[in-house]
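So the structure is just underneath, and the comments pick up after that.
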């Protein structure tokens, strides 16, 4: 069995190819400083290779492979980190659900007119309206609470709604 030729020291391999490795990683990660970090990390992995006692057939190729894999990992990580920024930009382009000041003032005025309109209702009609529309009771529940028929509860609520609509239309 033929003996493998004497291998150069790992540190010598790294130092002899360091500049070329940085040049190789820079286009992948998009930044020379980041490429320097990738090459440093690659050196650590290359030097700590568990099979370091065994001779490597292509140590330079192995070192380039480590650099490439680490550079691709960095590129993927940076891509994931940038995505939330893109979604934030998209959110910024959505129309606001907050009404403009003019619409707010108009809505407030309508609410005041509605409140005044409800206050002018007869007490029984006002109570039926409040129970049904504000408290969310069904007409059957309103009828039971007021001790009236379901039909009368319906008439009272409908009368209140008609009255309020007329008051809002008049303004």
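Numbering (the UniProt record's numbering), first residue to last: 1 to 171.
A virtual CB, placed ideally from N, CA and C, is assigned to each residue, including glycine.
If you're wondering where the values come from, they're calculated on a predicted model, not measured in any experiment.
N-terminal and C-terminal residue of the alpha helix (DSSP H) that residue i is part of
i: residue 49; result: Taken as a continuous stretch (DSSP letters only), residue 49 belongs to no alpha helix (DSSP H), as it is neither H nor E.
i: residue 125; result: 123–129
i: residue 27; result: 10–29
i: residue 101; result: 101–119
DSSP three-state assignment for residue i, whether helix, strand or coil
i: residue 149; result: coil
i: residue 136; result: coil
i: residue 57; result: coil
i: residue 79; result: helix
Residue i versus residue j - alpha carbon distance
i: residue 95; j: residue 61; result: 54 Å
i: residue 25; j: residue 99; result: 51 Å
i: residue 122; j: residue 110; result: 21 Å
i: residue 29; j: residue 14; result: 20 Å
Residues near residue i by beta carbon distance below 6 Å, same chain, minus five either side
i: residue 156; result: 125 and 128
i: residue 21; result: 39 and 67
Contacting residues, own chain, Cβ-Cβ under 7 Å from residue i (five flanking each side not counted)
i: residue 17; result: 60 and 63
Own chain residues within Cβ distance below 8 Å of residue i, not counting five before or after
i: residue 139; result: 132, 150, 153, 154 and 157
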